[in-house]
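To start, the structure under review is shown below, and the notes come after it.
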Amino acid sequence: MARICCTLPGPDIGTNIDLMRRYAPFVSAFEIRLDLLPRGASVAGIFQELRGDRKRYARIFDGGEIEFSVIITLRRTRDGGAFDGTGEEAISILKTAIEEAALLKDAQGSDLHGSDLQGNDAPGSDLQGLVAVDIEIQSEAGNFVSWFDALRSEKGFVLIRSFHDFNGCPPDLSAKLAELARVGAVPKLAVTPRGIDDLARIAEAGREWCCSGRRAIVLGMGVYGMASRIAPEKFGSCISFASPGSALAPGQLDAGVLYREYRNPPPNEHTPLFAIVGNPVSHSKSPAFHNARFREKNLDALYIPLLCDDAAAIPRFARIMDLRGASVTVPHKEKVRSFLDEEDQGCRHTGACNTIIRDMQKDGAGFRWRGMNSDIPGFLHPLEQFLADAGENAGVCVIGAGGAGRSAVYALVSRGCTVLLLNRSIERTRRVAEEINAAFPQSVICAGLEKNSREKISEYRKLLVQTTSLGMKGSETGDPLHFYQFAGDELAYDIIYTPAETLFLGRAKQAGCRTINGEAMFVRQAEIQSGEFIAAAKKQAQGRE
Ligand code: NAP
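All residue numbers for the sequence shown refer to the working numbering, where the first residue is 4 and numbers rise by one.
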């Protein structure tokens, strides 16, 4: 199991100790960032805090596969840190901190590792292996490395040699790892993937490195790197970094969120992955929903947010990372169909697929992709009473002709409604109407998303369904029907669930309308997906037995 390391952001030792106490239940390592502390601050207090409360810090002391659990770092501004002094000053500050850690051991006799959790001293053991020092490969650290070598063998301190690339992902990651490890250090590769192709490449390099028992820290920074922070085990990495509260580095998660949502229990290198694939995905409630279901069933499976701009890259990523299924969201619901081997009626009728499952074939001859549309039954779920009361041929209005809009229109006409469809791009409206009218003649009428359509909308106002992405988190000030005054007798249904009340829904409520937000749809469609993901994870577990 990898260690999760909480970076301590200072600005002083007292604040760091408060943070250590708060985050001790969630993490198994701490990083002391000397560059974020005042010059000359002594780190002895941090080591005293650790040794003074071994019960609280049990996760730090429990060795696991990787012994070091306190990392000392001094990052320079050019390497993404805050230290703007010279190379010599940097080395001198690092030396002082390391000497403090070493002296503490010498002075205390019984030490950090020297007592068990009941406080019984076990003489002879020491800080052995607990402390690691992170030195950038860019630093002129030749002197430091030879000075540190003596301490390494005497006290078992660990050297981490790191390389950060904040702008991209260099071509030969394996060679970079080998270069970093040359002086007997644990290599740390922190690069910035530009998409899921890069992310898969980082995982391949990390896993290849660690398969022969070598250790490495491998990290994808930035918004595309989130998977490597959540599941370092899938990247061959022995550590992942998290922050106490707001992110200290791009893409970093709060250590408590990381523990509660994704790593309780932690994944391993064989854990099958599931994901929400799209852009954006950070607002999604799907990871919390599906991980809770996996936990309930005691299944070894992990669901992550996977920011993705290129749907065509999904199959390769899936092969490398053992992605077994995904919820598909904006803007990929149509594009993922290009690699499906099989799809359900809902996908065929709407041209939109919101669930993909990668099934192992019965004869063991590789994998097949299967697509489903769980948005259709999900969408209808909170409308059952309305549909029963409205009877045949009810006139309803749908705003938006994207993936979700199409599903909504198909769901409503398949239940006997006539739909007035409005969309910003009139071309798209016509295309959807044509396709659905081919299967359900004269069931869809088109109009422009503009003032001139107000009268027409009034005719179909029994149910107004908002399916555009306007109004969701990030575009909260948007209301695609801003030109329409609610009469008060409409049922207004906005399929957005973050925020819980969009501008569209708020205006409807104020006018006295009954309202439904996207929560019920989300839960129902997610329950259907969950059944599929749980079945896939069970198959994977059986295959491994
Ligand atoms: P999509 O395929 O990308 O379609 C986006 C739709 O929004 C299109 O109709 C687009 O119109 C319209 N749109 C975007 N920006 C607009 C603007 N500024 N003004 C007017 N219209 C605009 O996305 P989708 O998959 O249909 O998803 C749409 C929304 O539904 C998202 O917010 C998503 O979170 C939500 N959703 C909720 C659930 C749930 O379970 N509750 C399920 C699925 C989706 P153009 O064609 O003119 O670009």
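Positions of the beta carbon are idealized from the N, C-alpha and C atoms, including for glycine.
What distance in whole Å lies between the Cβ atoms of residue j and residue i, which are believed to be in contact at a cut-off of 8 Å?
| i | j | result |
| --- | --- | --- |
| residue 447 | residue 468 | The Cβ separation is near 13 Å, so there is no contact. |
| residue 75 | residue 148 | Contact doesn't hold; Cβ gap of about 15 Å is too wide. |
| residue 224 | residue 250 | That pair is no contact at about 11 Å. |
| residue 486 | residue 457 | 7 Å |
| residue 540 | residue 361 | No, residue 540 and residue 361 are not in contact; Cβ-Cβ is about 12 Å, not under 8 Å. |
| residue 235 | residue 242 | 7 Å |
| residue 209 | residue 165 | About 14 Å separates the two Cβ atoms, so there is no contact after all. |
| residue 146 | residue 94 | 7 Å |
So does residue i have its beta carbon nearer than 7 Å to some heavy atom of ligand 1?
| i | result |
| --- | --- |
| residue 507 | no |
| residue 224 | no |
| residue 427 | yes |
| residue 45 | no |
| residue 521 | yes |
| residue 359 | no |
| residue 431 | yes |
| residue 480 | no |
| residue 525 | yes |
| residue 10 | no |
| residue 498 | yes |
In terms of DSSP beta bridges, what is residue i paired with?
| i | result |
| --- | --- |
| residue 29 | Answer is none; residue 29 lacks a bridge partner. |
| residue 277 | 306, 328 |
| residue 426 | 451 |
| residue 149 | Answer is none; residue 149 lacks a bridge partner. |
| residue 312 | In the DSSP output, where bridge partners are listed per residue, residue 312 has none listed. |
Give me the Cα-Cα distance between residue i and residue j, rounded to the nearest whole angstrom.
| i | j | result |
| --- | --- | --- |
| residue 138 | residue 82 | 11 Å |
| residue 390 | residue 466 | 10 Å |
| residue 87 | residue 163 | 21 Å |
| residue 270 | residue 33 | 20 Å |
| residue 404 | residue 429 | 9 Å |
| residue 96 | residue 104 | 13 Å |
| residue 512 | residue 474 | 15 Å |
| residue 11 | residue 502 | 32 Å |
| residue 170 | residue 36 | 22 Å |
| residue 372 | residue 481 | 36 Å |
| residue 479 | residue 394 | 34 Å |
| residue 115 | residue 207 | Unreliable placement is indicated for residue 115, whose pLDDT of 45 sits below 50; no coordinate value is reported for it. |
| residue 299 | residue 533 | 12 Å |
| residue 302 | residue 263 | 16 Å |
| residue 444 | residue 433 | 14 Å |
| residue 122 | residue 57 | Residue placement at residue 122 is flagged as unreliable, the pLDDT there being 35, under the threshold of 50; the coordinate-derived value follows with that caveat. Using only the alpha carbons, I get a separation of about 8 Å. |
| residue 127 | residue 217 | Note on residue 127: pLDDT 28, under 50, position unreliable in the model; the coordinate value appears next. Approximately 28 Å between the Cα atoms of the pair. |
| residue 568 | residue 41 | The shown model of the chain, from 4 to 548, leaves out residue 568, and the question about it has no answer. |
| residue 491 | residue 369 | 56 Å |
| residue 228 | residue 293 | 21 Å |
| residue 351 | residue 343 | 12 Å |
| residue 537 | residue 363 | 14 Å |
| residue 50 | residue 167 | 27 Å |
| residue 453 | residue 497 | 18 Å |
| residue 258 | residue 13 | 16 Å |
| residue 189 | residue 222 | 13 Å |
| residue 130 | residue 140 | Caution is warranted here: a pLDDT of 49 is assigned to residue 130, below 50, making its placement in the model unreliable, and no coordinate value can be reported. |
| residue 45 | residue 305 | 40 Å |
| residue 525 | residue 30 | 32 Å |
| residue 281 | residue 309 | 7 Å |
| residue 460 | residue 288 | 32 Å |
| residue 9 | residue 27 | 9 Å |
| residue 535 | residue 519 | 27 Å |
Are the beta-carbon atoms of residue i and residue j separated by less than 8 Å?
| i | j | result |
| --- | --- | --- |
| residue 279 | residue 330 | yes |
| residue 202 | residue 177 | no |
| residue 528 | residue 377 | yes |
| residue 463 | residue 439 | no |
| residue 63 | residue 245 | no |
| residue 233 | residue 307 | yes |
| residue 154 | residue 73 | no |
| residue 3 | residue 358 | There is simply no residue 3 to check, as the chain begins at 4 and stops at 548 in what is shown. |
| residue 312 | residue 406 | no |
| residue 275 | residue 325 | yes |
| residue 338 | residue 314 | yes |
| residue 180 | residue 219 | yes |
| residue 284 | residue 332 | yes |
| residue 78 | residue 15 | no |
| residue 424 | residue 442 | no |
| residue 381 | residue 340 | no |
| residue 495 | residue 506 | no |
| residue 205 | residue 151 | no |
Would you say residue i reaches chain D, if we count a Cβ-Cβ gap shorter than 8 Å as a contact?
| i | result |
| --- | --- |
| residue 522 | The chain labelled as chain D is not found in the depicted structure, where only one protein chain is given. |
Quick check: does the Cβ of residue i come within less than 7 Å of any heavy atom belonging to ligand 2?
| i | result |
| --- | --- |
| residue 60 | This structure lacks ligand 2; the ligands present are ligand 1. |
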